[in-house]
Ligand code: FPP
């Protein structure tokens with residue numbers, strides 16, 4: 015794929031689905047699927063940057079994922095903790111900034127401390143801008159934004175007439191991050207599953223049957239080719255009604 019002749023999405027969002035089925039196919043426990051999925055995150059960050067993507071956001075743990083078995087929730091939390099604890103090194107190596115989107119107040123205090131320290135440390139890096147959605151729900155993001163705005167109205171700092179799309183966008187967890195241009199969902203499901211609902215109003219969608227642990231640079235490139243082709247045919251957002 016020639017980078018210079020194709021339109022590259024600035025922001026790619028990924029629903030990393032299929033860890034469980036990946037493990038089942040290999041007669042392995044689900045936990046090993048999640049572990050393989052976690053190992054795939056760094057190579058995809060590197061591939062995304064290499065292919066010209068500036069922002070990447072992955073859906074690591076949704077507000078709905080708490081309803082999974084205690085065992086599975088613990089496995090996912092352990093993997094996320096391990097990943098985030100080792101993340102400063104990855105940021106330095108890859109010039110990567112990491113931000114967490116989602117309500118981190120429900121997470122264990124040590125994980126919250128790790129997140130605060132990682133976000134602060136990685137502010138200095140201007141390569142890939144990497145967002146991990148953790149205890150994230152699109153509806154919850156909107157509810158929390160509405161509460162922030164209501165507090166300002168109640169405090170007399172804002173009038174109802176000042177509420178517009180821009181203010182809502184700026185009150186979401188993704189305040190300084192452009193809306194995703196492309197959503198990729200692995201493993202064959204055709205749903206958004208409460209991921210960045212407001213932000214994805216105009217996002218192109220790419221679905222693949224490949225399970226997340228098998229989703230590699232070559233698969234990412236296929237998604238980017240699909241996106242470039244959409245752009246060539248529809249000319250971007252201006253002509254989306256066609
Ligand atoms: C969906 O697979 C995946 C998840 C619910 C979690 C995604 C988490 C990771 C990839 C690991 C940790 C992440 C980071 C950033 C280190 P599923 O269990 O729903 O798969 P299935 O639909 O095949 O059962």
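Residue numbers (our numbering): 15 to 256.
A virtual CB, placed ideally from N, CA and C, is assigned to each residue, including glycine.
* Is residue 237 near the ligand FPP, going by C-beta to nearest heavy atom under 7 angstroms? -> What you label residue 237 is simply residue 223 of the chain shown in a count that begins at 1. Shortest gap from the CB of residue 237 to any heavy atom of the ligand FPP: 7 angstroms or more.
* Asked: Taking contact to mean at least 3 C-beta pairs separated by less than 8 angstroms, is the region 135 to 151 in contact with the region 107 to 119?
  -> yes
* **Among 208, 34, 238, 48, nearest to residue 221 - alpha-carbon criterion** => The residue given as residue 221 occupies position 207 in the chain shown. Looking at the Cα atoms, 238 is the closest of the given residues.
* Neighbour-count burial assignment, residue 34, 16 or more Cβ in a 10 Å radius -> The count along the chain shown starts at 1 and reaches residue 34 at position 20. Buried, because 16 or more other Cβ atoms sit within 10 Å of the Cβ of residue 34.
* **Beta-carbon proximity check, residue 31 vs residue 203, cutoff 8 angstroms** => The sequence position of residue 31 within the chain shown is 17, counting from 1. The sequence position of residue 203 within the chain shown is 189, counting from 1. For residue 31 and residue 203, yes; Cβs fall inside 8 angstroms.
* **Inter-residue spacing [alpha-carbon to alpha-carbon] between residue 108 and residue 165** => Position 94 of the chain shown, counting from 1, holds the residue named residue 108. Position 151 of the chain shown, counting from 1, holds the residue named residue 165. Cα to Cα, residue 108 sits roughly 39 angstroms from residue 165.
* **residue 90 burial status per 10 Å Cβ neighbour count (16 or more: buried)** => For the purposes of this step, residue 90 is taken as residue 76 along the chain shown, with counting starting at 1. Looking at its Cβ environment, which holds 16 or more other Cβ atoms inside 10 Å, residue 90 is buried.
* Between residue 24 and the rest of its own chain, which residues show a CB-CB distance below 8 angstroms, the 5 nearest in sequence each way excluded? -> Counted from its first residue, the chain shown places residue 24 at position 10. Closer than 8 angstroms at Cβ, skipping near neighbours: 67, 68, 69, 192, 195.
* Asked: Less than 8 angstroms separating the beta-carbons of residue 113 and residue 99?
  -> As a first step, residue 113 is located in the chain shown; it is residue number 99 there, counting from the start. As a first step, residue 99 is located in the chain shown; it is residue number 85 there, counting from the start. Going by C-beta atoms, residue 113 is not nearer than 8 angstroms to residue 99.
* To do: Go through its chain and collect everything with a Cβ distance to residue 144's Cβ below 7 angstroms, but skip five positions before and after it.
  => On the chain shown, residue 144 is found 130 positions in, with the first residue counted as 1. Contacts found: 59, 70, 110, 111, 112.
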